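Report on one structure; see the data block that follows.
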């Protein structure tokens with residue numbers, strides 16, 4: 008490879024920018040142990056990585072994989088790259104995004120998923136700014152709101168008669184490396200040396216934890232993958248935008264509106280042919296051409312706005328937004344502009360507390376409106392269309408968490424116990440969204456109903472590691488356990504096959520056991536037997552963080568056999 012090209016992509020400045028963007032990326036796909044160890048001596052480690060790849064002694068490693076359920080009960084594969092691989096991947100995306108920014112940004116009014124921040128155009132020069140926006144993408148909540156507003160507008164104001172909706176089957180897992188690299192070469196003139204390196208990396212990162220899928224699939228969940236997916240569909244965007252269609256795309260969710268059914272049938276055929284040319288397929292189960300009903304015009308897509316009392320007055324001190332920002336940061340939604348999206352600000356603590364309490368009352372009323380009581384034992388059932396209600400339920404859950412977070416900023420505040428059975432029922436219904444419902448459960452401390460039902464759900468969803476992980480995590484942060492309960496969890500964990508479930512279970516056991524107890528020695532002994540290095544490293548990070556007053560770092564390394 009030409010060193011001038013390698014220096015262009017993997018110089019110290021671009022790798023530093025990759026680091027800043029990686030630590031701000033989706034928390035689900037981060038290598039937390041890698042962040043901690045790489046960050047200990049950040050500048051030197053960045054320099055070493057730069058030297059290694061420029062001297063061509065870098066090689067990618069096999070990543071960790073997680074399976075997350077879909078509403079269909081099938082699962083999607085999420086990839087967690089090793090820290091150095093993640094930085095290399097982001098560095099390649101950085102340079103290409105800077106080069107392609109002008110071309111891609113022309114479609115920002117039509118493409119809403121993973122939209123590049125304007126600062127990306129600056130490349131590494133952004134590092135010279137004191138208060139720089141170092142994110143790679145604009146925040147998704149604001150983009151989703153624009154997407155919703157655009158769809159609502161074309162239905163309500165333009166009075167279109169028909170809608171076409173589709174998405175792509177197994178999009179990220181089905182992307183052909185050849186077609187992606189060919190697009191990068193022909194459309195964006197990326198150097199062959201970089202394309203060859205990217206090809207090698209994508210092959211190492213493809214497939215599942217046990218099997219490679221050479222030539223097919225890019226690592227889902229990683230920030231650069233969303234960028235490259237948009238690159239691949241850019242010609243499709245241009246095709247329909249240039250013909251003045253009411254065209255909207257949010258990642259692989261495509262919606263087109265018009266007055267002529269035949270016109271949309273032609274659209275369907277065109278998209279089908281385009282995707283087949285990329286070795287991709289339309290998802291036939293999610294593809295439809297339908298006449299827009301009057302009921303649909305009246306009940307438009309909802310957004311994330313939170314109801315606000317009209318009497319509250321906007322002020323300069325953004326206390327309400329601060330609470331939202333803390334909650335958003337916890338969920339990976341950092342620096343979302345709540346003020347300009349209709350959120351208010353308050354000065355007095357009393358007013359802020361009253362605002363959050365009113366918000367909780369609204370949430371309770373909205374949530375209970377989704378259920379009907381069916382007998383005298385206070386049993387209840389969901390009374391609305393599950394598919395159509397998903398976004399509304401998640402919106403209520405988000406508001407509920409924000410309100411509790413806001414109130415707990417002033418003093419400990421317990422959530423309404425009456426709502427706990429509803430949240431548990433919702434978790435079972437919307438199991439593929441268990442993470443967001445479990446974040447609600449974090450506020451129900453030391454609750455036997457929660458403990459009993461969480462263990463029931465863990466057994467009920469025994470085939471889904473993602474659900475078990477979040478339920479064990481919720482138990483870890485909310486409940487207390489007897490020695491007998493911990494022993495039972497430990498024994499069941501010994502026969503657990505899922506690495507991701509083991510990760511959450513080990514964390515629970517470590518946190519709730521004591522160093523001088525025999526059980527703790529048994530836990531550490533079992534961890535030493537584990538073959539999965541990723542698991543051990545993540546537990547190392549967790550043990551040091553939670554047991555730092557009981558162990559030295561060297562003790563932990565020795566205990567885990569690392």
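Residue numbers (our numbering): 8 to 569. For every residue, glycine included, the Cβ atom is placed at its ideal position computed from N, Cα and C. In this text the structure is predicted, and so the values were computed from the model without any measurement.
In this structure, DSSP gives residue 379 an extended state, which the three-state scheme calls strand. Bounds of the beta strand (DSSP E) holding residue 265 are 260–265. DSSP places residue 83 inside the beta strand (DSSP E), whose first and last residues are 82–87. Under the three-state reduction of DSSP output, residue 422 falls in the coil class, being neither helix nor strand. Here residue 454 really is in contact with residue 485; their C-beta atoms are around 7 Å apart, less than 8 Å. The C-beta separation of residue 388 from residue 378 comes to about 7 Å, placing the pair in contact by the 8 Å criterion. For residue 492, the enclosing alpha helix (DSSP H) stretches over residues 490–501. Contact check for residue 201 and residue 236: beta-carbon distance about 18 Å, past the 8 Å limit, so the pair fails to qualify. For the 8 Å CB-CB criterion, residue 400 and residue 449 do not form a contact.
Shown here, residue 71 sits in a strand according to DSSP, grouped into three states.
A Cβ-Cβ contact shorter than 8 Å links residue 75 with residue 85. Taking a cut-off of 8 Å for Cβ pairs, the region 164–184 and the region 260–275 touch, as three or more such pairs fall below it. Measuring C-alpha to C-alpha distances from residue 191 to each of 142, 165, 111, 125 identifies 111 as the nearest. Looking at the DSSP output, residue 125 shares a beta bridge with no other residue.
Contact between the region 268–286 and the region 138–150 is absent, with fewer than three C-beta pairs closer than 8 Å. Between residue 109 and residue 38 the beta-carbon gap is near 33 Å, outside 8 Å, which marks them as no contact. Taking all protein chains shown into account, residue 234 has 16 or more neighbouring C-beta atoms within 10 Å of its C-beta and is therefore buried. Within the same chain, 97, 101, 141, 142, 143, 230 come within 8 Å of residue 28 by CB-CB distance, once the 5 residues on both sides are set aside.
A Cβ-Cβ separation of about 6 Å places residue 360 in contact with residue 414 under the 8 Å criterion.
In the DSSP annotation of this structure, the continuous segment of the alpha helix (DSSP H) that includes residue 512 starts and ends at 506–519.
Straight-line measurement puts the Cα of residue 138 at about 40 Å from the Cα of residue 512. For residue 297, the enclosing beta strand (DSSP E) begins and ends at 295–298. The residue among 80, 57, 23, 404 with its C-alpha nearest the C-alpha of residue 469 is 80. Residues 377 of the same chain have their beta carbon placed closer than 8 Å to that of residue 391, with the five preceding and five following residues left out of the count. A check of alpha carbon separations from residue 67 across 540, 208, 418, 535 identifies 208 as the nearest. Residue 215 counts as exposed, since fewer than 16 other C-beta atoms from the protein chains shown sit within 10 angstroms of its C-beta. In this structure, the straight-line span from the alpha carbon of residue 476 to that of residue 193 is close to 43 Å.
Close CB contacts of residue 521 within its chain, under the 8 Å cut and outside five residues either way in sequence, are with 527 (chain order).
In terms of Cα proximity to residue 154, the closest of 121, 228, 168 is 121. Take the alpha-carbon of residue 473 and the one of residue 64: they are about 36 Å apart. When the Cα atoms are used, residue 69 and residue 253 turn out to be separated by approximately 42 Å.
Taking the Cα positions, residue 198 is about 12 Å away from residue 106. In the assembly as shown, residue 91 is a buried residue. Its beta-carbon has 16 or more other beta-carbons within 10 Å.
Contact between residue 500 and residue 509 holds, since their C-beta atoms are separated by about 6 Å, short of 8 Å. Taken atom to atom, the span from the alpha-carbon of residue 529 to that of residue 456 is near 29 Å. Membership of residue 273 in the alpha helix (DSSP H) is indicated by the continuous run 268–284.
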